[in-house]
Amino acid sequence: MSASLNIPASMTVAEFLEWCPEDGQRWELIDGIPRAMAPPKVLHGRLLGEVIGQLRNHLLELGGPCAVLPETGVIPRGRSAHNLRVPDLLVDRGKPAANDGYVREPTLIVELLSPSNQTDTWANVWSYTTIPSLHEILVLHTLKARADILRRGEDGHWPESPITVTEGDLTLDSIGFRAPLIGLYRTTGLAASAE
Numbered sequence: 000m001s002a003s004l005n006i007p008a009s010m011t012v013a014e015f016l017e018w019c020p021e022d023g024q025r026w027e028l029i030d031g032i033p034r035a036m037a038p039p040k041v042l043h044g045r046l047l048g049e050v051i052g053q054l055r056n057h058l059l060e061l062g063g064p065c066a067v068l069p070e071t072g073v074i075p076r077g078r079s080a081h082n083l084r085v086p087d088l089l090v091d092r093g094k095p096a097a098n099d100g101y102v103r104e105p106t107l108i109v110e111l112l113s114p115s116n117q118t119d120t121w122a123n124v125w126s127y128t129t130i131p132s133l134h135e136i137l138v139l140h141t142l143k144a145r146a147d148i149l150r151r152g153e154d155g156h157w158p159e160s161p162i163t164v165t166e167g168d169l170t171l172d173s174i175g176f177r178a179p180l181i182g183l184y185r186t187t188g189l190a191a192s193a194e
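Numbering (numbering that gives the first Met the number 0), first residue to last: 0 to 194.
See the structure below:
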């Protein structure tokens with residue numbers, strides 16, 4: 000696959016956005032190297048769809064310019080000219096900007112964690128903590144009802160480890176969201192097994 004795409008050895012974000020093929024795959028730029036991401040599995044898609052729906056409905060009730068955006072790029076501060084990461088979804092509080100391939104000021108990022116992507120997902124999560132506008136990062140596990148939440152402190156610093164939620168309500172302070180954690184897993188089959 001890579002030979003037919005003629006992937007450069009290294010590139011900047013601007014070069015990556017110009018080069019990035021529209022081949023139905025999700026691509027990221029990690030330290031100047033383009034990386035194709037495997038298509039999501041069914042449980043991943045079901046969980047993502049439920050999260051998008053619940054967050055979107057919540058934001059509609061609040062009104063305002065907030066939007067839930069799946070698979071949209073963000074640029075962390077570290078080596079920003081050579082990194083464009085693509086979280087599973089994010090909430091953008093800003094007004095719509097130019098269609099330039101990434102969001103400048105996300106307030107919440109959500110990643111779905113499966114056994115095959117743990118290392119890459121956590122590497123992305125820690126790189127997201129360098130984004131000044133970001134207040135929270137939610138990591139949802141795909142094989143069990145579990146949420147890990149990183150929340151920026153009032154002093155601007157991030158904790159060394161996430162808060163883990165396995166039952167009860169999930170609260171996202173950045174957007175005023177509160178709902179039963181198990182409800183996010185409604186269509187995955189995990190909600191039925193937890194009862």
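No residue lacks a Cβ here, since even glycine has one placed at the ideal position from N, Cα and C. Since the model is a prediction, treat every value here as computed from it, not as a measurement.
query                                                                                               : result
Alpha-carbon spacing of CYS19 relative to SER9, whole angstroms                                     : 13 Å
Element boundaries [alpha helix (DSSP H), containing GLU60]                                         : 41-61
For THR163, the first and last residue of its enclosing beta strand (DSSP E)                        : 162-164
Residue environment, LEU171, which counts as buried when at least 16 other CB atoms sit within 10 Å : buried
Collapsed DSSP secondary structure at LEU142 in the structure displayed                             : coil
Where ALA178 falls: helix, strand or coil (DSSP)                                                    : strand
Cβ pair GLY44, GLY72 closer than 8 Å                                                                : no
Enclosing beta strand (DSSP E) for HIS35 [first to last residue]                                    : First, the residue type needs correcting, since residue 35 is Ala and not His in the sequence shown. Its beta strand (DSSP E) spans residues 32-36.
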